[in-house]
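In UniProt numbering, the protein residues as written are 1 to 120.
Heads up, the beta-carbon is just placed ideally off N, CA and C, and yes, glycines get one too.
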């Protein structure tokens, strides 16, 4: 990867695709996406995010539009309050569409928000 931030919709999608692809190719610990207000972690086809009650309601609405993504809390332990794990068994493009939806629809970011990849 040569760039680590983007603020236009197409560029953000491309950034997420590149980060997920790099993670899978390198078999790294994961990719971390963040804005000034939210962080989403992707590793081994699982997304980890934190959300309050209102954001959780918006997440449920988003999940209804992306049927392949499902809540998948860890089987070995209970997730801390407000932490949600989602199975993300999808190609990098569909995962990028979903991540964009998380930041736009769940975290209520405007069209020009800046997304950063802080780890791959």
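| Query | Result |
| --- | --- |
| Can you give me the Cβ contacts of residue 17 inside the same chain, cut-off strictly under 7 Å, excluding the 5 residues immediately before and after it? | 92, 93, 96 |
| Assign residue 71 to one of three DSSP states: helix, strand, or coil. | strand |
| Is residue 51 closer than 7 Å to residue 59 when the C-beta atoms are compared? | yes |
| Among 72, 46, 11, which has the Cα closest to the Cα of residue 100? | 11 |
| Per DSSP, residue 41 forms a beta bridge with which residues? | 32, 48 |
| How big is the Cα-Cα spacing for residue 112 and residue 80? | 31 Å |
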